[in-house]
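Chains as they are written, first to last, in my numbering: chain A, 1 to 436; chain B, 1 to 389.
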Amino acid sequence: MTQERQIETKGSHKSLETARNAWQFIRSDYQQGHEHKKSGKPIVWSCSLVEKELFYAMGLHPYYPEQFASLCAVRRKTKDSEKEAVRFARLAEQAGYSSDLCGYERVATGYVLGGELYDAPLEGMAQPDLLVTTSSVCDVRLKWFEDIAQRLKIPLFTLDRPERVFEGIMQPPKPHEVRYYRSQLEDVLNFMTEVTGTKYDPDRLNKCLDWSYKTNELRLEILELRKAVPSPMGCADGFATMYPGMYCSGTEKAYNFYKALRDEVKAKVDAGQGQIENEKFRLLWYGIPTWFNMGIFNYFESIGGVFAYEPTYNPNPWPPRGNDDPLTEMAVRTLSIGSSMNTTLRAILEQCREYNIAGGVLAFLLTCRPFYLPSLELRLALERELGIPSVLIESDLVDERSFSEAQIKTRMDAFAEQILKKIEAGEPLQKRKAVA
Amino acid sequence: MNETFLRYWENRHEAVREWKQKTGKKVYGYFCCLTPEEILFAADVLPVRITGTGEPLQQADLHVPPNSCPFARSCLDAGMSGLYDYLDGVVVPNSCDIIYHMEYFWKTLVPRPTKPAVIAGVDIKPYVHYINYPEKTVGREVVPYYLEVLKGFKQGLERTLGRIITDEDLARSISVYNEDKAQLRRMYEMRKADPPAVSGYEAWQMTYASVLMPKDEHAALLKKTLDDLESNSRTIPEGIRLYLSGSAMDAVNAHIYKVIEESGGMVVSDDLCVGTRSFWYPLNQELPPLEAIARRSLGTACPRSTVTNPIPENRWAHILNTTQDFNLKGAIFFVLKCCDARLAEYPHLRDKFREEMKIPVLYLEGDYTFSGVEQMRGSVEAFIEMIEG
């Protein structure tokens, strides 16, 4: 076993009971997948932003290599061995996959190359019968799934979401965009039928959509509650509880999970209870977390700093549920959100105002181009528009080899100093928006 | 080498500025060979491919982080530094994660020649035109979708330029583009001979000129050059016959041709965007013109694109088309750092070359500097020696 070093990374302390128990939800979902496979039912590997309701409506159990990679970032085979993410990333790199490629891809590819799919955290992901990916978010997820399809000889379908550029954050899509995306939803259902033999049943899909729409409303309600001062739910809680919403949307169990979460957050807000006793400033976490070191979210607590807002996995408002064709409804929903740099920056600035954010901790994710590319512009915009400082945390998402703990702590201390000076001087922590 | 080609290759910006001054016509810059530049040409606009300089960045590094495509960063830096101040407009297709963001970067950071004409929140004469290119280029509804995108692009151009682009304009443009593609194909056919009539570097220079010059002038000059070469029965010194597959191939990266030739190799075919991907497949003149352009653009073998197929092999299909009968002895992958689509596809394509074509593969990672390319000399020499046995 090659082992360069072990860094002193640790898990986070979460402020919510539901967040602490979210792990059980994930473990149970993985177990259900293995049982599903054993009973001869089909398994799909997919990724976030694919409409999950499609899988549940078609009787598939999904696994998500990107999410699995984040599990590998916190697990070791034995107490003294390197993290599983590092072990798998090495396998991929030895096979010619560049270390500049997304950490998620390298870890999941190493896992596939290793050939022992069940010798992994939570017994790994069950062997897939089909693959479904999307062009959303980044190029890698498309090319990576192509690579898995070519390597494992497993059929793939790609949903191509037009990347719309417009002023603002949301905008109804144009008819040709809806037609294009809807046709692919129809095609992916036909593809699933061809591979699994299960026929598409619109009633079943509608039932899944009912659950996902209700769940989305709950998640939006939680976001509103999280704006309270003191902050009732932090980013560690947010990341710990994203799995049901991101990966199990369209199920009753996801709805129940967020109902419990909403109730817990609401109770804390009603009681005026925050993440910590004496909240002095609130922070933004931009990007995917450094999954191997979630303890970073508690770093500023001793000086009154809490992470209050993380845009990465948060839901967007969907058009209200209608009695329309479910595929059109899904297409409109998916296409309504903009993805341009301008949209990203506007959305984050808007929410930083809403959450009274005093500073931004920006995950400077070296191998995750969609989050990495806007980082510098975001830093400039936070300073220019809100007058707030930010700090860049240079790292990979799951591969801790790129994480320099001492350097990052020095930077974070200097960053906190800037905010504390403002507090001491009685200066506002955020520039007020100019009123026309 | 024809003097006009040399002029464009040696100082592209000066050559285009002169052309603009002489003709009084407009010049648009564009990213990526899948851009439907035929529409620009139909509107009497000269489309020129935007490339970088390979020099240290002056301004862009404040905005685009370092661990990303060095070519795209350099292009933006060149724009911010005023190197492209002669452009009347810029076309940005959604062709990869970083080029997609050039819509924002170019719009917000690069000085434009005229002020925006904003009415009701819309710039009615935009400087930057965005083309929502699909990532899936084969599939049901792809063509109708993309046709709508191109109609929108054409209308935006018409409003900006104050002229209508008719089907006749488009058909004329297609005819010119097809003639240029035919000449470039002819040049590649001449490289099938052993030894070839044109070196890899010369072929690249002539192909590069095609993305900077008016296509009609380029086609005529290339035809004459090839005619002359044929009548002289010209051949060049022998070299190990190689295939070059890589990221953006402009004047900076093209130094690799020299390194290869000086090491005893000879590139005879390629999978490059200033290479086969820009001209291999002609436009279908039987189709309505805009549809022909849409299909040509979708047919570009871009490493980032995929197709509706359970096991997509569209990239290998293009490689098969561009390797057949070239009698190749090896393949070099010259991939720019952080070029995600190319990095992700490399292991699979490498294995295909080794297993199906039975030829060795060399992988080189570029940083988009001349010195970086020069440092590859040792690896290239060793690779060629290994093939020679």
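Glycine residues also receive a C-beta, built at the ideal position from the N, C-alpha and C atoms.
Buried versus exposed, by CB contacts within 10 Å (16 or more), residue i
| i | result |
| --- | --- |
| Met386/B | exposed |
| Trp23/A | exposed |
| Gly426/A | exposed |
| Phe41/B | buried |
| Gln6/A | Because Gln6/A sits at a pLDDT of 48, beneath the cut-off of 50, its placement in the model cannot be relied upon, and the following sentence gives the value as read from the coordinates. Answer is exposed; the Cβ neighbour count stays below 16. |
| Asp237/A | buried |
| Met1/B | exposed |
| Ala117/B | exposed |
| Leu6/B | exposed |
| Leu284/A | buried |
| Ser39/A | exposed |
| Asn178/B | buried |
| Ser231/B | exposed |
| Glu4/A | Note that Glu4/A scores a pLDDT of 47, beneath 50, so its modelled location is shaky and nothing firm can be said. |
| Thr375/A | Strictly speaking, residue 375/A in this sequence is Ser, with Thr absent from that position. Per the 10 Å Cβ criterion, buried. |
| Thr343/A | buried |
| Thr2/A | With a pLDDT of 40 at Thr2/A, under the threshold of 50, the modelled position of this residue cannot be trusted; read the value that follows with caution. That one is exposed. |
| Ala436/A | Low per-residue confidence applies at Ala436/A: pLDDT is 49, beneath 50, and the placement is therefore not dependable enough to give any value. |
| Gln127/A | exposed |
| Pro230/A | buried |
Cβ distance (whole Å) where residue i is taken to contact residue j below 8 angstroms
| i | j | result |
| --- | --- | --- |
| Ile174/B | Ala292/B | 6 angstroms |
| Thr445/A | Leu156/A | Any question about residue 445/A goes unanswered here, given that chain A covers just 1 to 436. |
| Gly265/B | Gly239/B | 5 angstroms |
| Tyr130/B | Glu103/B | 5 angstroms |
| Gly54/B | Ser81/B | About 13 angstroms; that fails the 8 angstroms criterion. |
| Asp147/A | His348/B | 6 angstroms |
| Ile359/B | Ala331/B | 6 angstroms |
| Glu385/A | Leu349/A | 5 angstroms |
| Ser269/B | Phe326/B | 5 angstroms |
| Val198/B | Leu229/B | 7 angstroms |
| Ser404/A | Gly234/A | That pair is no contact at about 24 angstroms. |
For residue i, the nearest candidate out of the options (CA to CA)
| i | options | result |
| --- | --- | --- |
| Glu17/A | Glu163/A, Asp263/A, Leu185/A | Asp263/A |
| Phe334/B | Leu328/B, Arg304/B, Val373/B, Asn327/B | Val373/B |
| Arg112/B | Glu38/B, Val27/B, Tyr177/B, Glu189/B | Val27/B |
| Gly360/A | Asp139/A, Arg182/A, Met412/A | Met412/A |
| Pro317/A | Gly124/A, Asp139/A, Glu224/A | Glu224/A |
| Pro65/B | Arg369/A, Gln418/A, Asp147/A, Tyr64/A | Arg369/A |
| Lys154/B | Trp280/B, Glu179/B, Ile256/B, Thr35/B | Thr35/B |
| Asn206/A | Gln184/A, Gly250/A, Gly304/A, Thr198/A | Gly250/A |
| Ser12/A | Phe166/A, Thr290/A, Ile388/A | Thr290/A |
| Asp97/B | Gln58/B, Phe31/B, Glu381/B | Phe31/B |
| Tyr200/A | Cys208/A, Asp210/A, Lys14/A, Leu189/A | Leu189/A |
| Leu109/B | Leu76/B, Thr137/B, Gly89/B, Cys69/B | Leu76/B |
| Leu364/B | Arg350/B, Ala60/B, Arg354/B, Leu328/B | Arg350/B |
| Met330/A | Glu177/A, Ser404/A, Arg90/A, Arg20/A | Glu177/A |
| Lys421/A | Asp396/A, Ile388/A, Leu397/A, Asp399/A | Ile388/A |
| Pro311/A | Ala108/A, Val112/A, Leu362/A | Leu362/A |
| Pro232/A | Leu261/A, Pro42/A, Gln418/A, Asp210/A | Leu261/A |
| Tyr346/B | Thr300/B, Glu388/B, Asp271/B | Asp271/B |
Residue i - partner residues in DSSP beta bridges
| i | result |
| --- | --- |
| Arg49/B | Tyr30/B |
| Thr134/A | Leu159/A |
| Ala331/B | Tyr243/B, Val361/B |
| Ser395/A | Leu365/A |
| Arg76/A | Lys83/A |
| Gly305/A | Phe281/A |
| Ile306/B | The question names Ile, yet the displayed sequence has Thr at residue 306/B. Note: Thr306/B sits in a beta bridge opposite Lys136/B. |
| Trp45/A | Tyr63/A, Leu131/A |
| Asp271/B | Ser245/B |
| Ser390/A | Gly360/A |
| Asp123/B | Val118/B |
| Leu336/B | Gly366/B |
Proximity test, residue i beta-carbon vs the ligand ADP heavy atom, cut-off 6 angstroms
| i | result |
| --- | --- |
| Leu380/A | The ligand ADP is absent from the structure shown, which contains no ligand whatsoever. |
>> Against chain A, which members of the segment 28 to 57 of chain B pass a CB distance test of less than 9 angstroms?
In response: Residues of the segment 28 to 57 of chain B with a C-beta atom less than 9 angstroms from some C-beta of chain A do not occur.
>> Give me the subset of the segment 139 to 161 of chain A whose CB atoms are less than 7 angstroms from a CB atom of chain B, sorted by chain position.
In response: Those would be Asp139, Val140, Leu142, Lys143, Trp144, Glu146, Asp147, Ala149, Gln150, Lys153, Pro155, Leu156, Thr158, Asp160, in chain order.
> Residues in the segment 113 to 137 of chain B with C-beta within 7 angstroms of chain A's C-beta atoms, listed in sequence order?
Replying inline: Listed by position along the chain: Gly121, Tyr130, Asn132, Pro134, Glu135, Lys136.
>> Residues of the segment 66 to 81 of chain B in Cβ contact with chain A at a cutoff of 7 angstroms, in chain order, please.
In response: Taking 7 angstroms as the Cβ-Cβ cut-off against chain A, the residues of the segment 66 to 81 of chain B that qualify are Asn67, Ser68.
> Which residues, taken in chain order from the segment 88 to 114 of chain A, show a beta carbon closer than 8 angstroms to some beta carbon of chain B?
Replying inline: Listed by position along the chain: Ala95, Gly96, Tyr97, Ser98, Asp100, Leu101, Cys102, Glu105.
> Can you list, in chain order, the residues of the segment 372 to 390 of chain A whose Cβ is nearer than 7 angstroms to any Cβ on chain B?
Replying inline: Going along the segment 372 to 390 of chain A in chain order, one finds Tyr372, Leu373, Ser375, Leu376, Glu377 with a Cβ nearer than 7 angstroms to chain B.
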